[in-house]
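Enquirer: Input: one structure, supplied below.
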Amino acid sequence: MMILASPIYFPGLGIEINPSNIAFSIGGHNFYWYGIIIAAGFLLAALYGMKRAEQFGLTQDNIIDILICAVPSAIIGARAYYCIFNWAEYAENPISVLYIWNGGLAIYGAIIAAIISVVVYAKVKKINPGTILDLGSLGMLIGQMIGRWGNFINREAHGVECTNFLRMGLMNASDRWVFYHPTFLYESLWNLVGFVLLHFFSKKYRKFDGQIFLMYMCWYGFGRGLIEGLRTDSLYFMGTGLRISQFLGYAFFVVCLVVLFIKLVFKDNDPADMQVWKYNHPVAENAAETVDSETDTDEDNKGEDHERNSD
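Below you can see the structure in the form of structure tokens.
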């Protein structure tokens, strides 16, 4: 990747900076801010998950296992999603698909791949996948909030030209300032607000496993739908003018809002069904399983006795 030299100017804030996209070099190999920022977001999200694991009925070992499974899947999914819908950029040099440090990760690809890996892991470990998705969605907000600043360093993922207070100026080929919507900043702030709200909500008001995840998808989907409409680098459905991320954002918002409404209004959400209750009451849970097992055995024995009497 070339060193980016265009200064970045926020006239409304009185800020002008010109950061290099290369953080440092070792042995002739460049280390880019984009990758470092993404890694920092991942690390903070992981630490948050470890800190709150027991509050969701999970162990820290669960969190480590989930990270080992979900993170590689999310990176592959994010890259695959971006490259599939932007294949013209890689057609002449397919190996460049692997150059993720140059940017080009799509969050919806990461979410889809991570959900699949979480469901598989939860099935193997006999854990409610909604529990993992609840805690994971809070971590996602942390990662997304921080990761968007990698787009800032790369001077990418900005919006159309504008004149508002937060406008971001970049130099064009004629050394003239052109001002754009800083959509990376909008999304970072949107995710920050979402994280704060869901963090405190999850401490006292979570009614069922999966609720925070559904709320996250509503919050992020609606915000992404709005912000995506301002961007100049959107991925489109092939041969159409329909922005993929905008469509998915609004679609996820509507679907998850409906599911959330049904679960809260028409379902009986028993706290004893939640993973955290089972984690905090293992004796009661084991006793319930023993009673169920004995009941099944008694019924089987009665059936056998009845067959003998019939004979």
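Heads up, the sequence shown is in our numbering, so the first residue is 429 and it goes up one at a time.
Think of the CB as a built atom: it goes at the ideal place given N, C-alpha and C, for glycine as much as any other residue.
#1: Taking the alpha-carbon of phenylalanine 484 as reference, which of Gly558, Glu615, Ser448, Asn458 has the nearest alpha-carbon?
#2: Check whether the region 532–539 touches the region 506–521, counting contact only when three or more Cβ pairs, one atom from each stretch, lie closer than 8 Å.
#3: Which value, in whole angstroms, describes the spacing of the CA atoms of alanine 716 and proline 699?
#4: On the CB-based measure, 16 or more other CB atoms within 10 Å of its CB, does glycine 455 come out buried or exposed?
#5: Roughly how many whole angstroms lie between the Cα atoms of isoleucine 672 and tyrosine 664?
#6: What first and last residue would you give for the alpha helix (DSSP H) that runs through alanine 758?
#7: Compare the Cα-Cα distances from glycine 469 to each of Val546, Leu495, Glu520, Leu569 and report the closest residue.
#8: Assess, as a yes-or-no matter, whether the region 646–657 is touched by the region 618–627 under the definition of 3 or more beta carbon pairs within less than 8 Å.
#9: Rounding to the nearest angstrom, what Cα-Cα distance links aspartate 493 and tyrosine 437 in this structure?
#10: I think isoleucine 464 touches alanine 451, with their Cβ atoms under 8 Å apart; what is that distance to the nearest whole Å?
#11: Based on DSSP bridge pairs, tell me the residues matched to leucine 533.
#12: Can you give, in chain order, each stretch of the beta strand (DSSP E) that sits fully within the region 556–617 and has at least 3 residues?
#13: Leaving out five residues before and five after glutamine 703 in sequence, what residues of the same chain have Cβ atoms less than 6 Å from its Cβ?
#14: Can you give me the C-alpha to C-alpha distance between alanine 550 and leucine 561, rounded to a whole angstrom?
#15: Beta-carbon separation of histidine 586 and tyrosine 614 under 7 Å?
#16: Using the Cβ count rule (16 or more neighbours within 10 Å means buried), how would you classify glycine 655?
#17: For phenylalanine 681, which three-state DSSP category applies?
#18: Of the choices Gly567, Asn592, Thr487, Asn521, whose alpha-carbon is the least far from that of alanine 502?
#19: From what residue to what residue does the beta strand (DSSP E) around asparagine 708 run?
#20: Quick one: is aspartate 603 near chain C, going by C-beta distance under 7 Å?
#21: Using only the alpha-carbon positions, how far apart do isoleucine 491 and tryptophan 605 sit?
#22: Between the beta-carbon of serine 565 and the beta-carbon of tyrosine 644, is there less than 7 Å?
#23: Where proline 447 and leucine 688 are concerned, what is the direct C-alpha to C-alpha distance, given to the nearest angstrom?
#24: Identify, in the order they occur along the chain, each residue of the same chain with its Cβ nearer than 8 Å to the Cβ of glycine 440, setting aside the five sequence neighbours on each side.
Expert: On the basis of the coordinates in this document:
#1: In the sequence shown, the residue the question calls residue 484 occupies position 56. The shortest C-alpha separation from phenylalanine 484 is found at Gly558.
#2: Taking 8 Å as the limit for Cβ pairs, the verdict is that the region 506–521 does touch the region 532–539.
#3: Here the question's residue 716 lines up with position 288 in the sequence shown. Here the question's residue 699 lines up with position 271 in the sequence shown. With a pLDDT of 49 at alanine 716, under the threshold of 50, the modelled position of that residue is not reliable, and the figure given next carries that caveat. A direct Cα-to-Cα measurement between alanine 716 and proline 699 gives close to 15 Å.
#4: In the sequence shown, residue 455 corresponds to position 27, counting from 1. Counting Cβ neighbours within 10 Å, glycine 455 comes out exposed, since fewer than 16 surround it.
#5: Within the sequence shown, the letter at position 244 stands for residue 672. Within the sequence shown, the letter at position 236 stands for residue 664. So the alpha carbons of these two residues sit roughly 5 Å apart.
#6: This structure gives no information on residue 758, because the portion of the chain shown stretches from 429 to 739.
#7: The residue given as residue 469 occupies position 41 in the sequence shown. Closest by alpha carbon: Leu569.
#8: Yes, the region 618–627 touches the region 646–657.
#9: Your numbering for residue 493 matches position 65 in the sequence shown. Your numbering for residue 437 matches position 9 in the sequence shown. As the crow flies, the alpha-carbon of aspartate 493 is around 43 Å from that of tyrosine 437.
#10: Walking along the sequence shown from the start, residue 464 turns up at place 36. Walking along the sequence shown from the start, residue 451 turns up at place 23. Between alanine 451 and isoleucine 464 the Cβ distance is about 5 Å, and since that is below 8 Å, they are a contact.
#11: Numbered from its first residue, the sequence shown carries residue 533 at position 105. According to DSSP, leucine 533 bridges with nothing at all.
#12: Complete beta strand (DSSP E) runs here, min 3: 596–599, 605–608.
#13: Position 275 of the sequence shown, counted from the first residue, corresponds to residue 703. Only residues of its own chain outside the window of five on either side were considered, and among them Gly485, Asn556, Thr559, Asp637 have a CB closer than 6 Å to the CB of glutamine 703, listed in chain order.
#14: By 1-based counting over the sequence shown, the position of residue 550 is 122. By 1-based counting over the sequence shown, the position of residue 561 is 133. Going from the Cα of alanine 550 to the Cα of leucine 561 covers about 10 Å.
#15: Walking along the sequence shown from the start, residue 586 turns up at place 158. Walking along the sequence shown from the start, residue 614 turns up at place 186. Result no, Cβ atoms of histidine 586 and tyrosine 614 do not sit closer than 7 Å.
#16: Locating residue 655 in the sequence shown gives position 227, where the first residue counts as 1. Reading off the sequence shown, one finds isoleucine at residue 655, where the question assumed glycine. By the 10 Å Cβ count, isoleucine 655 comes out buried.
#17: Position 253 of the sequence shown, counted from the start, is the residue given in the question as residue 681. Correct three-state label for phenylalanine 681: helix.
#18: To locate residue 502, count along the sequence shown from 1; it is residue 74. Nearest Cα to alanine 502 within the set Gly567, Asn592, Thr487, Asn521: Gly567.
#19: Numbered from 1 along the sequence shown, position 280 holds the residue referred to as residue 708. For asparagine 708, there is no enclosing beta strand (DSSP E); the residue is found in the alpha helix (DSSP H) stretching over 703–708.
#20: Reference to chain C is not applicable here, since this structure consists of a single protein chain.
#21: Position 63 of the sequence shown, counting from 1, holds the residue named residue 491. Position 177 of the sequence shown, counting from 1, holds the residue named residue 605. Between the C-alpha atoms of isoleucine 491 and tryptophan 605 there is a straight-line separation of about 46 Å.
#22: Residue numbering aside, residue 565 sits at position 137 when the sequence shown is read from its first letter. Residue numbering aside, residue 644 sits at position 216 when the sequence shown is read from its first letter. Taking 7 Å as the cut-off, the beta carbon of serine 565 is found closer than this to the beta carbon of tyrosine 644.
#23: To locate residue 447, count along the sequence shown from 1; it is residue 19. To locate residue 688, count along the sequence shown from 1; it is residue 260. One C-alpha to the other measures close to 43 Å.
#24: Translated into the one-based positions of the sequence shown, residue 440 becomes position 12. Excluding positions up to five away in sequence, the list reads Asn592, Phe593, Leu594, Arg595.
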